[in-house]
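Notes follow the structure.
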Amino acid sequence: MTPTRLFSAPDSTAGSCRPESPYGEVCAIHQPNLFPRLATLAKLFTADYWIVLDDVQFARRDYQHRARLTSFDGSREPQWLSIATHLPHGRSTSIRGARLADPIRCRRRVAQLLADHYGHSAHWQAFKRRLEPLLAEFERTDRLADVTELSTRLLLEEVGWPGQILHSSDLLARGERSQRLADLAWLTGATTYLCGTGGMRYLDPTAFRVHSIEVLPFQAPTSGVWASAREVSAVHALMLVGPYALRRELEVLRGRVQNNGSDRFRDVRSTS
3 MTPTRLFSAP
13 DSTAGSCRPE
23 SPYGEVCAIH
33 QPNLFPRLAT
43 LAKLFTADYW
53 IVLDDVQFAR
63 RDYQHRARLT
73 SFDGSREPQW
83 LSIATHLPHG
93 RSTSIRGARL
103 ADPIRCRRRV
113 AQLLADHYGH
123 SAHWQAFKRR
133 LEPLLAEFER
143 TDRLADVTEL
153 STRLLLEEVG
163 WPGQILHSSD
173 LLARGERSQR
183 LADLAWLTGA
193 TTYLCGTGGM
203 RYLDPTAFRV
213 HSIEVLPFQA
223 PTSGVWASAR
233 EVSAVHALML
243 VGPYALRREL
253 EVLRGRVQNN
263 GSDRFRDVRS
273 TS
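Be aware that the sequence shown starts at 3, since it is given in this note's numbering, and climbs by one per residue.
Structure follows, in structure tokens:
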């Protein structure tokens, strides 16, 4: 699932041919999150492949080591599921450098809080079995990114995502963040970069235009199963409607977003 060769962006890509696209055309780049929110999961599901952004600075206020849970029946207040994390290099520690402070205790906390919040769901027993490899990961490694990426992969597998996963730490891209994201997309052959609402606030589209890569804004719906898509873990929606119904929701959104991207591309060509 992860490429073994190392890609490197040239100092200038002017006149450079686009690399082959063995992974697909639509790319999402995102940090590994612990049981990501439904909006994040939907963005990854919409992409042909996900580049795990694992070599950027760890941020405690983000979702890299925590997830917000709320019970499917509304009987519990939202609660943070947090994994105690040690940063060997202080605030400059990268995501892939972050370590689990107490893996066994973290394992117990993950298992207990998920059971407390979702144990009464009709879909819990099947999901509980799927959790076993993730819980075993706490005994195999103390790397936070290994656990959080696996939690995301588990959810993507639950909804049948057919895409591939790469890692930014296997790719050599340049410094400034818009330029770096554009390089990562270009190096892997993307023609379209999916950008969430947060990224659209800082992204410089010029870095992508140089590579002839379309920046496609991504925003999840806000009603029905999507009502809390930007606040709580996707586990909530999974336990509410089950994997098959959630997959249908994600497929409809994926088709809508990608069709909008195709329409935008045709409009640009017709006016050029």
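Ideal placement from N, C-alpha and C gives every residue a C-beta, glycine not left out.
- Residue 89 sits in coil when the DSSP states are folded into three classes, being neither helix nor strand.
- Of the residues 231, 163, 68, the one whose Cα lies closest to the Cα of residue 102 is 68.
- Put simply, of 36, 47, 81 the residue whose alpha carbon is nearest the alpha carbon of residue 164 is 47.
- Residue 202 counts as exposed, since fewer than 16 other beta carbons sit within 10 angstroms of its beta carbon.
- For residue 228 and residue 181, the gap between their C-alpha atoms comes out near 32 Å.
- DSSP, read as helix, strand or coil, puts residue 163 in coil.
- Where residue 105 is concerned, the enclosing alpha helix (DSSP H) starts and stops at 105–120.
- Minimum Cα-Cα distance from residue 35 among the listed residues 25, 24, 52, 77 corresponds to 52.
- Closest in alpha carbon position to residue 83, among 66, 54, 217, 197, is 66.
- For residue 71 against residue 115, the beta-carbon gap comes to about 6 Å, under 8 Å, which counts as contact.
- Residue 233 counts as exposed, since fewer than 16 other C-beta atoms from the protein chains shown sit within 10 angstroms of its C-beta.
- Short of 7 Å from the beta carbon of residue 256, and not among the five residues preceding or following it, lie these beta carbons of its own chain, in chain order: 47, 48.
- Boundaries of the alpha helix (DSSP H) around residue 181: 179–189.
- The alpha-carbon separation between residue 133 and residue 212 amounts to approximately 43 Å.
- Bridge partners of residue 25 according to DSSP: none are assigned.
- Around the CB of residue 75, fewer than 16 other CB atoms lie within 10 Å, so the residue is classed as exposed.
- In the pairwise beta carbon analysis, the stretch 121–141 is classified as not touching the stretch 22–30: fewer than three pairs are separated by under 8 Å.
- Nearest to residue 231 by C-alpha distance, out of 150, 198, 120, is 198.
- The Cβ neighbour count for residue 246, taken over all protein chains shown within 10 Å, is under 16; the residue is labelled exposed.
- Taking a C-beta distance under 7 Å as the contact criterion, residue 55 and residue 161 do not qualify as a contact pair.
- The residue among 130, 153, 112, 183 with its C-alpha nearest the C-alpha of residue 236 is 153.
- If you draw a straight line from the Cα of residue 191 to the Cα of residue 22, it comes to about 5 Å.
- The closest CA to that of residue 226, considering only 243, 60, 108, 196, is found on 243.
- In the three-state DSSP reduction, residue 81 falls in the strand class (E or B).
- DSSP places residue 196 in the uninterrupted beta strand (DSSP E) bounded by 194–197.
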